[in-house]
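**Q** Can you read through this structure? Questions will come right after.
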Amino acid sequence: MSYTIEGNTGTWEIVVGLEVHAQVISKSKLFSGASTLFGGEPNSHVSLIDAGFPGMLPVINQACVEQAVRTGLGLKARINLESRFDRKNYFYADLPTGYQISQFEHPIIGTGVVQIELSDGSTRDIGITRLHLEQDAGKLMHDQDPKRSFVDLNRAGVALMEIVSEPDIRSPEEAGAYVRKLRQILRYLGTCDGNMEEGSMRADVNVSVRKSASEPFRTRCEIKNVNSIRFVMQAIEIEAARQIEIWESGGEVDQETRLFDPHKGETRSLRSKEDAHDYRYFPDPDLLPLVVEQAWVDELERGLPELPDDKRDRFIKQYGIPRYDASVLVAEQAIADYYEEVAKGRDARLAANWVTGDLFGALNRTGRSIQDSPISAQALGGMLDLMADKTINGKIAKEVFEDMLETGDSAADIVERKGLKQVTDTGAIDAAVADVLARNADKVEEYRGGKDRLFGFFVGQVMKAMAGKANPAIVNEALKKVL
Amino acid sequence: MSLDLATTRRIAKLARIGLDDQEIEAVRAQLGGILGWIEILDEVDVEGVPPMIGTSTNAALLPREDAVTDGDCQDKVLSNAPDREGPFFTVPKVVE
Amino acid sequence: MLTDLTIAQAAEGLRKKEFSAVELTKAHTDAVEALNGRVNAYITVTPDKALEAAKKADSTLSAGEAPALTGIPLGIKDLFCTNGVRTTAASKIIGNFVPPYESTVTAKLLENGAIFLGKTNLDEFAMGSGNLTSAFGSVENPWHRKDDASVLVPGGSSGGSAAAVAAHMAMGATGTDTGGSIRQPAAYCGIVGLKPTYGRCSRWGTIAFASSLDQAGPMTRTVEDAAIMLTAMAGHDPKDSTCADVAVPDYRAACGRSLKGLRVGIPQEYDSPLMATEKGNDILAAWKKGAKILEEAGCEIIDVFLPHTRYALATYYIIAPAECSSNLARYDGVRFGKRAEGATSLDDLYEKTRHNGFGEEVRRRILMGTYVLSAGYYDAYYLKAQKVRTLIQRDFTQAFQKVDVLLTPTAPTAAFARDEKPEDPVQMYLNDIFTVPASMAGQPAMSVPVALDDKGLPLGLQLIGKHFDEETIIAVGSALEKAAGFTARPDLRAGVSA
Ligand SMILES: [Mg+2]
Ligand SMILES: [Zn+2]
Chain Z
1 MSYTIEGNTG
11 TWEIVVGLEV
21 HAQVISKSKL
31 FSGASTLFGG
41 EPNSHVSLID
51 AGFPGMLPVI
61 NQACVEQAVR
71 TGLGLKARIN
81 LESRFDRKNY
91 FYADLPTGYQ
101 ISQFEHPIIG
111 TGVVQIELSD
121 GSTRDIGITR
131 LHLEQDAGKL
141 MHDQDPKRSF
151 VDLNRAGVAL
161 MEIVSEPDIR
171 SPEEAGAYVR
181 KLRQILRYLG
191 TCDGNMEEGS
201 MRADVNVSVR
211 KSASEPFRTR
221 CEIKNVNSIR
231 FVMQAIEIEA
241 ARQIEIWESG
251 GEVDQETRLF
261 DPHKGETRSL
271 RSKEDAHDYR
281 YFPDPDLLPL
291 VVEQAWVDEL
301 ERGLPELPDD
311 KRDRFIKQYG
321 IPRYDASVLV
331 AEQAIADYYE
341 EVAKGRDARL
351 AANWVTGDLF
361 GALNRTGRSI
371 QDSPISAQAL
381 GGMLDLMADK
391 TINGKIAKEV
401 FEDMLETGDS
411 AADIVERKGL
421 KQVTDTGAID
431 AAVADVLARN
441 ADKVEEYRGG
451 KDRLFGFFVG
461 QVMKAMAGKA
471 NPAIVNEALK
481 KVL
Chain R
484 MSLDLATTRR
494 IAKLARIGLD
504 DQEIEAVRAQ
514 LGGILGWIEI
524 LDEVDVEGVP
534 PMIGTSTNAA
544 LLPREDAVTD
554 GDCQDKVLSN
564 APDREGPFFT
574 VPKVVE
Chain V
580 MLTDLTIAQA
590 AEGLRKKEFS
600 AVELTKAHTD
610 AVEALNGRVN
620 AYITVTPDKA
630 LEAAKKADST
640 LSAGEAPALT
650 GIPLGIKDLF
660 CTNGVRTTAA
670 SKIIGNFVPP
680 YESTVTAKLL
690 ENGAIFLGKT
700 NLDEFAMGSG
710 NLTSAFGSVE
720 NPWHRKDDAS
730 VLVPGGSSGG
740 SAAAVAAHMA
750 MGATGTDTGG
760 SIRQPAAYCG
770 IVGLKPTYGR
780 CSRWGTIAFA
790 SSLDQAGPMT
800 RTVEDAAIML
810 TAMAGHDPKD
820 STCADVAVPD
830 YRAACGRSLK
840 GLRVGIPQEY
850 DSPLMATEKG
860 NDILAAWKKG
870 AKILEEAGCE
880 IIDVFLPHTR
890 YALATYYIIA
900 PAECSSNLAR
910 YDGVRFGKRA
920 EGATSLDDLY
930 EKTRHNGFGE
940 EVRRRILMGT
950 YVLSAGYYDA
960 YYLKAQKVRT
970 LIQRDFTQAF
980 QKVDVLLTPT
990 APTAAFARDE
1000 KPEDPVQMYL
1010 NDIFTVPASM
1020 AGQPAMSVPV
1030 ALDDKGLPLG
1040 LQLIGKHFDE
1050 ETIIAVGSAL
1060 EKAAGFTARP
1070 DLRAGVSA
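As given, the protein sequences belong to chains Z, R and V, one line each in that order. Just so it is clear: in the first sequence, position 468 is 468 by the numbering used here, and no numbers are missing. Start counting at 1 in the second sequence, then tack on 483, and there's your number in the numbering used here. Start counting at 1 in the third sequence, then tack on 579, and there's your number in the numbering used here.
Now the structure itself:
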């Protein structure tokens, strides 16, 4: 599915690469023992190391290394058994030491790949250039005082994974799908919570445009710190349009860092080339090379959870459900787990329909997630069991489901309480059939005269007469016999 | 290697050391002298020589366990602040 | 006089109850009070704290089982952060800084029972070879030339520590050595200064100058005292990733060890144009004398070659400034230290604070380091220097296949006068010409006083050892010290003059 933009001088293609900063899930910071908990009193989750006090030294957190390697494995990427930490030097009020410890020349993770799925069902591979570990910065607050900004270092030193993609992305949709997929993988791995509102995942978006796929890349602009998938997509569209307009009017796009303003729907220059940074990277002399053993990497690989693509393929095969349903069900680990519990030993397709249909609908309506679903997987399974043994029919099941949502009672209790047990007594059904036919003698005439459609009418009337509880198969059979 | 004034200014800016014009010229001359002296390294053939990493010969990075062992010392963190507002450090207003 | 004792003698006297820790400490706080106005060895003195600690030491001593340094009064270079005691690095920019933490090295000394007299003066942020860049005034070398009242520099950067120990204003002191900052002032002041192997002592809590070079070490009046102090200071620290997990021996046991069969290397490159002059002849003579002493003690004297020696200094003046430009970025007037008044923007705050707060030499090195790391220059300077550094280290590795220890002069000259300070920074840097190579390679090295020059000033010889083999340099140093019989003392010292 190719995405292009029509300009005045012809058709343009966009070229996008993303640098995603993902906060590592760990108890303490990358180089200090201070807590990573979000929130908290300003400057309380801060050690003297994070605050850059004289003589303070960094010590690497084992768990952060492990999380980076596990993420690398999840991205099918090369794991570099030896990596290094470098200092990226610049002055800013949120950077206490005057340098960020990052990995420049020798990142812990090398090239990998992420497969994305698009709305037309097609898939594309987006290359991963690298993943490296680095420190987050502190936070500045500008609104409290007319003359001063306030500095809170609670986040300073929290571990980030910077995941850099190849410039393989060709549309806003692909960019959205990429970030979504990345987030999905990180959440499966438990290496990042992917919470973009709290800033635990944010993207720097590199955008350029060109006339055709055979043309070399043109100058790109980097849009910093975009904090939602929707904004990533919008920013690309808006920035591409801006660049096309410049090129088409005979101008030159400047390589620069820009900011996306979702309120104004524009990107604007943050830093021009003149005051571009010169980060003076050099190996951090406080830290030696980071060496990991292949055996340890293998062990981590064995301990990885089943990742979304594999799970989706298994669902298709094992449960015989359509690819689309399978993709929806593996979107989150918790949903997939829920589904598998419902489907276990039951009609897996029917289970998929209930989960993706009624359950998702109900969760959406009530703004809940699968984790706090009012209907547990066991409860939903119990309802499917009642359908399977013909205690209730599909129609009654809907009623039972709504009741379960509201009361949290089990399907069996609801059926018992409301007396919804399906009637399979042929005598009672025959009587109801006879009664309906007697009351609708004219319709019987018409049906017998060839108006086949009326069969449904009779079924409906019989069901109504039996308060919906009749077994529909027996009703059908009884009607056919008499008619 | 001689150093020009523009480069010296750029370096002073990068290092955030405000120098007036007179100081810039003095620094330019001194750094230029040191750089000239350093040119002795041009004699050394380093083809195929790896850069030195880490001064200790027998040390590797020893990671620490992931546990909260530090922080929660707001009073210490703020104890030397030249200017503060409640629990915050302050800087002149930054426009973003 | 109590201030004339060595650490080893004092430790024995304390245990034999010949005097108390309070008496010993009082003798030293009195000496500091009497002399510091002139010598300026201390930036901050803490006599009350010292006497308080001495009382505790006395009760520990009475209880028995007191650690080696119990009750021993020491000076602490003002680069080690000391909990609740102002720590300035001799810079205006943190002239009011009171650390809420104790450096690992000083914490170990305190655990070992040592008593701190105060914080000793240094070149600002340890950058200098003459103790001329301190924001708290320069230190006077307690030694003077015969019939010449000129004030001499104590060397640098640990010049305050060296002067305090030489003038008996402390029994020993901590120093830090980046390119010679322990050894060169030790030589200038006629005392022993030991720079351990890089990674031997923790750098945690010591204000960084150049992280890949900085090492803490003892400065004392005898080799044995240095061994006692080092045993207390050294050891693995999980808080410093570059600190090695290597067991700490009892270094004192190495003193007096037989040198029979030990191979001593004489690096052929260790001469300097300065030593060809009349001034330097005494140093050449002292070097020869040292070799002879060791030969007589049963050592084999072997010529060795360290061909990259001549590049060490230039390499040093790329790497050390590069690291310092980054290490000193944190002094920005935001979280601690002195903030410049009247800044109108964040950058203005940085520029004013750092311009006013740093002295000229520190600014020069920061700028130099910024330059060699900046885009387009990194490969030509920093990367090249790190490669040359590999070659320098290889020189030592190869030499140590043939010999066990190297013997060299510590400095090309004896202490020079304050007003003889060269205008050209490069001339000043040449003072470190013999000490820098070992620093670049991380080798342990020690300066031992062996002779006086014809003006009556002390001269030191340097012993350089294999990585983590401080024991051999201590063994050789103690033999050298004994045979040289260096007993001269400066004219300016406790109990003699004020
Ligand atoms: Mg980036
Ligand atoms: Zn980054």
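No residue lacks a Cβ here, since even glycine has one placed at the ideal position from N, Cα and C.
1. Glutamate 12/Z by DSSP, collapsed to three states: which one?
2. Here's the rule: buried if 16 or more other CB atoms are within 10 angstroms of the residue's CB, otherwise exposed. What is arginine 368/Z?
3. Using a Cβ cut-off of 9 Å, which residues of the region 51-69 of chain Z contact any Cβ in chain R, in chain order?
4. Could you tell me the distance, in whole angstroms, from the CA atom of leucine 300/Z to the CA atom of alanine 1058/V?
5. Going by DSSP in three states, methionine 141/Z sits in which element: helix, strand or coil?
6. For asparagine 89/Z, name the three-state secondary structure that DSSP assigns.
7. Is any beta-carbon of chain Z found at less than 8 Å from that of isoleucine 536/R?
8. For lysine 1045/V, count the other beta carbons within 10 Å of its own beta carbon; 16 or more makes it buried, fewer makes it exposed. Which is it?
9. Verify the CB distance criterion: does alanine 550/R have a CB-CB separation below 8 Å to chain Z?
10. Any C-beta of chain V sitting closer than 8 Å to the C-beta of glutamine 513/R?
11. Rounded to the nearest angstrom, how far is the Cβ of phenylalanine 788/V from that of threonine 757/V, given a contact under 8 Å?
12. Find the residues of chain Z that neighbour proline 546/R, judging by a C-beta separation of less than 7 Å, and give them in chain order.
13. In chain R, what lies closer than 7 Å to leucine 946/V by C-beta?
14. Measuring straight from C-alpha to C-alpha, what distance separates proline 626/V and leucine 603/V?
15. What ranges does the beta strand (DSSP E) occupy inside the region 586-658 of chain V, keeping only unbroken runs of at least 3 residues that lie completely in it?
16. When DSSP labels each residue in this structure, what does glutamate 341/Z get in the three-state scheme?
17. If valine 114/Z sits next to serine 820/V, beta carbons under 8 Å apart, how far is it from one beta carbon to the other, in whole angstroms?
18. Give the straight-line distance between the Cα atoms of histidine 723/V and leucine 1071/V, rounded to the nearest whole angstrom.
19. Use the C-beta contact count for tyrosine 896/V: other C-beta atoms within 10 angstroms, 16 or more gives buried, fewer gives exposed.
20. Taking Cβ-Cβ distances shorter than 9 Å, what residues in chain Z pair up with aspartate 487/R?
21. If we ignore side chains and look at the alpha-carbon of each, how far apart do leucine 37/Z and histidine 45/Z end up?
22. In whole angstroms, what separates the C-alpha of proline 107/Z from that of isoleucine 163/Z?
23. Would you list the one or two residues that DSSP bridges to phenylalanine 104/Z?
24. Using a 10 Å radius around the Cβ and a threshold of 16 neighbouring Cβ atoms, would you call aspartate 504/R buried or exposed?
25. Skipping 5 residues on each side, what residues in its chain have a beta carbon closer than 6 Å to that of leucine 95/Z?
26. With three or more beta-carbon pairs closer than 8 Å as the criterion, would you say the region 247-266 of chain Z touches the region 211-225 of chain Z?
27. From aspartate 816/V to alanine 1063/V, what does the alpha carbon distance come to, in whole angstroms?
28. Taking any Cβ of chain Z, which residues in the region 761-793 of chain V have a Cβ under 8 Å from it, in chain order?
29. Does any residue of chain Z have a CB that is nearer than 8 Å to the CB of isoleucine 673/V?
30. Verify whether the separation of the beta carbon atoms of cysteine 660/V and glutamate 690/V is less than 8 Å.
31. Is the beta carbon of lysine 29/Z closer than 8 Å to that of glycine 157/Z?
32. For alanine 823/V and arginine 779/V, which I take to be in contact (beta-carbon distance under 8 Å), what is that distance rounded to the nearest angstrom?
33. Tell me where the alpha helix (DSSP H) around isoleucine 945/V begins and ends.
34. Put isoleucine 1012/V into one of helix, strand or coil per three-state DSSP.
35. Please decide whether valine 151/Z counts as near chain R, where near means a Cβ-Cβ distance under 8 Å.
36. Output the distance between the C-alpha atoms of isoleucine 770/V and threonine 894/V, rounded to the nearest integer angstrom.
**A** Result, derived from the coordinates:
1. The question names glutamate, but residue 12/Z in the sequence shown is tryptophan. DSSP places tryptophan 12/Z in strand when its eight states are reduced to three.
2. exposed
3. Hits within the stretch, in order: Ala51, Phe53, Val59, Ile60, Asn61, Gln62, Ala63, Cys64, Val65, Glu66.
4. Those two C-alpha atoms are separated by around 56 Å.
5. Strand at methionine 141/Z.
6. When secondary structure is reduced to three states using DSSP, asparagine 89/Z falls in the strand class.
7. Cβ-Cβ to chain Z under 8 Å: yes for isoleucine 536/R.
8. buried
9. yes
10. yes
11. 5 Å
12. Going along chain Z in sequence order, the residues near proline 546/R (Cβ under 7 Å) are Ile60, Asn61, Gln62, Val65.
13. By Cβ distance, chain R contributes Ile494, Ala495, Ala498, Ile500, Val510, Leu514.
14. 12 Å
15. 621-624, 652-656
16. Three-state result, glutamate 341/Z: helix.
17. Incorrect: roughly 33 Å between the Cβ atoms, too far for contact.
18. For histidine 723/V and leucine 1071/V, the gap between their C-alpha atoms comes out near 8 Å.
19. buried
20. Result: empty, since nearest Cβ-Cβ is about 16 Å, beyond 9 Å.
21. 8 Å
22. 11 Å
23. Its beta-bridge partners do not exist; DSSP assigns none.
24. exposed
25. Ala137
26. yes
27. 37 Å
28. Arg782, Trp783, Gly784, Thr785, Ile786, Ala787, Ala789, Ser790, Ser791
29. yes
30. no
31. The answer is yes: Cβ separation under 8 Å.
32. 7 Å
33. 939-952
34. coil
35. yes
36. 28 Å
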